[in-house]
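Trainee:
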Amino acid sequence: MEAKFERIVKVLEDLLREEDVLAVRIASASGGSIGPPQSLLKIKDMGVWNMVNNTVNEAFTIFTKFGPYGIDKMYLELGEYEIIFFRVDRRTLLIAVIPTLANKGLLEVEIENTRRETINILKSSGPEQ
Amino acid sequence: MGPGNLEDDLTEELMGSQAKEKSDYSLDNSATHKNEINGVGVGKPIIKSNYSEEFKINEKNCEVVVVTSRKWNSQEAGKDIALKLMEKLEHQPKFILLFSTIHYENNGGFQPILDEIYLHFPNNVNLIGGTISGFINSDGIFSRGITAMAVYKKNMQVTTAIGKHTKRTPTFAARECAKAIKKRIQTPDFIFSMIPAGTVPRLPFMKRRRIIPIPSIVNKTIMTIMSGIFNLAEYGVGREDEILESFSKEFQRTKVAVGNSYDNNNSFTNYQFNNRKIYTTSMIALALSNVSESDLIHTTKFSCSSPTFSIGDINMNGCSIGSINSKNSLDEILRILSWPKEYLNERIYRKTYYYPVGYIEKGLAHTHVMGLFIGNHIAFTHKLKKKEMCILTQSGKEYYEDIQKKIYQIKNKKNKIFLGVLCTSQLETLGSKNLKIKEILENKFFNNGFIVIFAGGEGSILNGNYNYLNCSAVLSTIGIND
């Protein structure tokens, strides 16, 4: 049986095939993360992506603090990039990078589908790895 | 960082909390998985002569099946759709509605989708459809993929028709389409039509742009020349009003629901499907007769948020303006909206969605989205019919409440098909929150026989009167019931 992590990576790779999804991964509050291999990422400025990865803890702090008020998503505009944080659950975030000129509403639909699919995989039975 | 830490979290944290989270829909289609495992139809297309043997015979008077494919490759997606339909259908369908996002343009093209469908269904199954920016059905909301609805009803008469060159000769295209319908069905009960949406023009030596700088001294001349070139080359505005005006004269007693074929909100290309063929500048129609009473509601709820202003110097088939309040239209609209000039960049359309220009007449807001800025001229998505306009606004809450109210008002609740056409602007501005529409439909009437498409514009003809709008909703049921 395919492991949950492999299935999640496939779902993330599927999202990454969207023209305007430049990078994506799932990060946990403990510092762990899974995502497509770096060679598949389309973001040109890897510095931005590295910065995002290095500041995930801060993102979790914000999500934790605003948790009681129902925080669900967070958007950051960084020049030509937009970083989208989707809450998967209280200790897991789905992070995607899109161009600021992208049609965000349409992409958000597919990022939401990825979030839901990830939840379904995590809830399903089967080996973790 | 590796998956190891995440695994610890998953076992400890995620599984516990996520098990509590209720997911209201699943992207998984267990029925199809079962089918693939059993190998039914997979890798061995059903030969048309054997077609009837593949369907169970039963006494049902009507049948509606809606399916989704999320496969990336067009051939695989077409096959997926065909097999899913085959699995669920008990009769040969009388027609198939097929809506696809633009993604397949670069993932194998659209022809393999249609070829795969007709590999599994006989040529006499009518099919129409086109590209859209997204859709809602009982599987969820998607901005990538294909959805299809296959319908059978005993004694129902069905025909499809096309009218070519809608952007060059819109009136003629509408008449051509109407004539083809009337050859087979004189007075249809219901028509669903797709019309190509306007596209951002491609200018020589320039990338496709929404802001086209032109010196003001040659503005008017250039606008007139550009208008002619766009019409001849069949890009630019969709000229939907002219199409519907002509079409409405031919069908005074028929309910007509219309959606614009569109892309992923870039307005670069769009396609229309009619049976096995693909078009880019044709209106496509599906006409039905011998069906029960259908419903057709065209709604939009906006309010005026600015003082009224007068528009002038109209060009580009009535779609562009050169002056507002007798002043330069660009400067004046920025003043009215209190927008700085810095807003005039290629991202402008992300803002203009929220501020359509228009007027309210008989309770219906006639909304026009600013699509192009050519020199001092502002080009809208369709023809401006009044000289007095204002800036219209609507909240997300008003949008949902209006749609909910109108869905509740639908008279023929026993009809098995709900077909909705919403504006892509609603998909872009509200994203996945549009799932509320799915909830409304599922909760109230339509357990699975529904498709809502997000189109480039929405049209309707009721009692011979036509409306073509942006940011609106066309809500229809088709009179197919037991």
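Chains as they are written, first to last, in this note's numbering: chain A, 77 to 205; chain B, 2 to 483.
No residue lacks a Cβ here, since even glycine has one placed at the ideal position from N, Cα and C.
Since the structure is predicted, the reported quantities are computational estimates derived from the model, not experimental observations.
Do residue 285(B) and residue 129(B) come within 9 Å of each other at the CB atom, strictly closer than that value?
Mentor: Looking up residue 129(B) in the second sequence gives position 128. Looking up residue 285(B) in the second sequence gives position 284. Their beta carbons are under 9 Å apart, which means residue 129(B) touches residue 285(B) by this criterion.
Trainee: Which residues in the same chain have their Cβ closer than 6 Å to the Cβ of residue 299(B), if we skip the five residues on either side of it in sequence?
Mentor: Stepping through the second sequence from its first residue, residue 299(B) is reached at position 298. The residues are 461, 468 and 475.
Trainee: From the DSSP output, which residues share a beta bridge with residue 278(B)?
Mentor: The count along the second sequence starts at 1 and reaches residue 278(B) at position 277. Looking at the DSSP assignment, residue 278(B) forms a beta bridge with 275(B).
Trainee: Ordered along the chain, which non-local residues of its own chain (more than five positions away) have a Cβ less than 7 Å from that of residue 445(B)?
Mentor: Position 444 of the second sequence holds residue 445(B). Hits under 7 Å: 408 and 409.
Trainee: So, with DSSP's three-state summary, where would you put residue 175(B)?
Mentor: Here residue 175(B) refers to the residue found at position 174 when the second sequence is read from its first residue. Residue 175(B): helix per DSSP, three-state reduction.
Trainee: Relative to the C-alpha of residue 373(B), which residue among 199(B), 106(B), 124(B) and 416(B) is closest?
Mentor: Here residue 373(B) refers to the residue found at position 372 of the second sequence. Answer by Cα proximity: 199(B).
Trainee: Taking the beta carbon of residue 134(A) as the centre, do at least 16 other beta carbons fall within 10 Å, making it buried, or is it exposed?
Mentor: Along the first sequence, read from residue 1 onward, the residue named residue 134(A) stands at position 58. So residue 134(A) counts as exposed.
Trainee: With a 10 Å radius around its C-beta and 16 neighbouring C-beta atoms as the bar for buried, classify residue 316(B) as buried or exposed.
Mentor: Here residue 316(B) refers to the residue found at position 315 of the second sequence. Answer is buried; the Cβ neighbour count reaches 16.
Trainee: Residues of chain A with a CB under 9 Å from the CB of residue 143(B): which are they?
Mentor: For the purposes of this step, residue 143(B) is identified with residue 142 of the second sequence, where counting begins at 1. By Cβ distance, chain A contributes 185, 186 and 189.
Trainee: Excluding five sequence neighbours on each side, which residues of the same chain lie with their C-beta closer than 7 Å to the C-beta of residue 193(A)?
Mentor: Here residue 193(A) refers to the residue found at position 117 when the first sequence is read from its first residue. So the list reads 87, once near-sequence residues are dropped.
Trainee: CA-CA distance, residue 481(B) and residue 85(A)?
Mentor: By 1-based counting over the second sequence, the position of residue 481(B) is 480. By 1-based counting over the first sequence, the position of residue 85(A) is 9. Cα to Cα, the separation comes out at about 43 Å.
Trainee: Need the endpoints of the alpha helix (DSSP H) that residue 178(A) sits in, please.
Mentor: Against the first sequence, residue 178(A) aligns to sequence position 102. First-last for residue 178(A): undefined, no H or E at that position.
Trainee: List the endpoints of the continuous beta strand (DSSP E) containing residue 466(B).
Mentor: Residue 466(B) sits at position 465 when you count from the first residue of the second sequence. That run of the beta strand (DSSP E) goes 466–470.
Trainee: Nearest to residue 125(B) by alpha carbon, out of 186(B), 134(B) and 161(B)?
Mentor: Locating residue 125(B) in the second sequence gives position 124, where the first residue counts as 1. Nearest option by C-alpha distance: 161(B).
Trainee: Measuring only the C-alpha atoms, how far is residue 249(B) from residue 177(B)?
Mentor: On the second sequence, position 248 is the one that residue 249(B) refers to. On the second sequence, position 176 is the one that residue 177(B) refers to. As the crow flies, the alpha-carbon of residue 249(B) is around 13 Å from that of residue 177(B).
Trainee: DSSP three-state label for residue 127(B), please.
Mentor: Along the second sequence, one-based indexing puts residue 127(B) at 126. Strand.
Trainee: Taking DSSP's pairing of strands, which residues face residue 117(B) in a bridge?
Mentor: Numbered from its first residue, the second sequence carries residue 117(B) at position 116. Listed as beta-bridge partners of residue 117(B) by DSSP are no residues whatsoever.
Trainee: Below 8 Å, how does it come out for the stretch 258–268 of chain B and the stretch 146–163 of chain B: are there three or more Cβ pairs, yes or no?
Mentor: no
Trainee: Out of 420(B), 430(B), 439(B) and 272(B), which has the shortest C-alpha to C-alpha gap to residue 102(B)?
Mentor: Mapped onto the second sequence, residue 102(B) falls at position 101. Comparing Cα positions, the closest option is 272(B).
Trainee: When the cut-off is 9 Å and only beta carbons count, does residue 24(B) lie next to chain A?
Mentor: For this step, residue 24(B) is matched to residue 23 along the second sequence. Residue placement at residue 24(B) is poorly supported in this model, since its pLDDT is 36, which falls under 50; the coordinates are not used for a value here.
Trainee: Mark residue 230(B) as exposed unless 16 or more other C-beta atoms lie within 10 angstroms of its C-beta, in which case mark it buried.
Mentor: On the second sequence, residue 230(B) is found 229 positions in, with the first residue counted as 1. Flag for residue 230(B) reads exposed.
Trainee: Residues of chain B with CB under 7 Å from residue 181(A), in chain order?
Mentor: The residue labelled residue 181(A) in the question sits at position 105 within the first sequence. Those within 7 Å of residue 181(A) in chain B are 428, 429, 430, 431 and 432.
Trainee: Does residue 93(A) come within less than 9 Å of chain B when only Cβ atoms are used?
Mentor: Sequence index remark: in the first sequence, residue 93(A) carries index 17 (1-based). It does: the Cβ of residue 93(A) has a partner Cβ on chain B nearer than 9 Å.
Trainee: What is the C-beta distance between residue 252(B) and residue 159(B), in whole angstroms, given that I count them as a contact (C-beta under 8 Å)?
Mentor: For the purposes of this step, residue 252(B) is taken as residue 251 along the second sequence, with counting starting at 1. For the purposes of this step, residue 159(B) is taken as residue 158 along the second sequence, with counting starting at 1. The pair is not a contact, with the Cβ atoms about 16 Å apart (cut-off 8 Å).
Trainee: Is residue 355(B) helix, strand or coil by DSSP?
Mentor: For the purposes of this step, residue 355(B) is taken as residue 354 along the second sequence, with counting starting at 1. Correct three-state label for residue 355(B): coil.
Trainee: Using a cut-off of 7 Å between C-beta atoms, extract the partners of residue 177(A) located in chain B.
Mentor: By one-based count along the first sequence, residue 177(A) stands at place 101. Residues of chain B passing the Cβ test: 347 and 348.
Trainee: Where DSSP assigns a beta bridge to residue 158(A), which residues make up the other side?
Mentor: As a first step, residue 158(A) must be located in the first sequence, where it is residue number 82. Partner residues in the beta bridge of residue 158(A), as assigned by DSSP, are 153(A) and 174(A).
Trainee: How big is the Cα-Cα spacing for residue 166(A) and residue 139(A)?
Mentor: Numbered from its first residue, the first sequence carries residue 166(A) at position 90. Numbered from its first residue, the first sequence carries residue 139(A) at position 63. Straight-line Cα distance between these residues: approximately 8 Å.
Trainee: Does the CB of residue 425(B) have a neighbour CB from chain A at under 9 Å?
Mentor: Position 424 of the second sequence, counting from 1, holds the residue named residue 425(B). Chain A, which has a Cβ nearer than 9 Å to the Cβ of residue 425(B), makes this yes.
Trainee: What in chain A is Cβ-close to residue 134(B), meaning under 7 Å?
Mentor: As a first step, residue 134(B) is located in the second sequence; it is residue number 133 there, counting from the start. Those within 7 Å of residue 134(B) in chain A are 182.
Trainee: Tell me which residues share the same chain as residue 331(B) and place their Cβ nearer than 6 Å to its Cβ, disregarding the 5 neighbours each side in the sequence.
Mentor: Residue 331(B) sits at position 330 when you count from the first residue of the second sequence. Once the five neighbours on either side are set aside, the close Cβ partners of residue 331(B) are 377.
Trainee: From residue 94(A) to residue 427(B), what does the alpha carbon distance come to, in whole angstroms?
Mentor: By 1-based counting over the first sequence, the position of residue 94(A) is 18. By 1-based counting over the second sequence, the position of residue 427(B) is 426. So the alpha carbons of these two residues sit roughly 20 Å apart.
Trainee: Return the Cβ separation of residue 379(B) and residue 211(B) in integer angstroms, given the expectation that the two are a contact with Cβ distance under 8 Å.
Mentor: Looking up residue 379(B) in the second sequence gives position 378. Looking up residue 211(B) in the second sequence gives position 210. Actually they are not in contact, since the Cβ atoms of residue 379(B) and residue 211(B) sit about 11 Å apart, beyond 8 Å.
Trainee: For residue 132(A), I'd like the list of residues in its chain whose CB is within less than 6 Å of its CB, leaving aside the five on either flank, ordered along the chain.
Mentor: In the first sequence, counting from the first residue as 1, residue 132(A) sits at position 56. Excluding sequence neighbours, residue 132(A) sits near 103.
Trainee: Using a Cβ-Cβ cut-off of 9 Å, state whether residue 90(A) counts as contacting chain B.
Mentor: By one-based count along the first sequence, residue 90(A) stands at place 14. Yes - at least one Cβ of chain B is within 9 Å of the one on residue 90(A).
Trainee: What does a CB cutoff of less than 7 Å around residue 307(B) pick up in its chain, not counting 5 residues either side in sequence?
Mentor: To locate residue 307(B), count along the second sequence from 1; it is residue 306. Within the same chain, residue 307(B) has close Cβ partners 337, 391 and 392.
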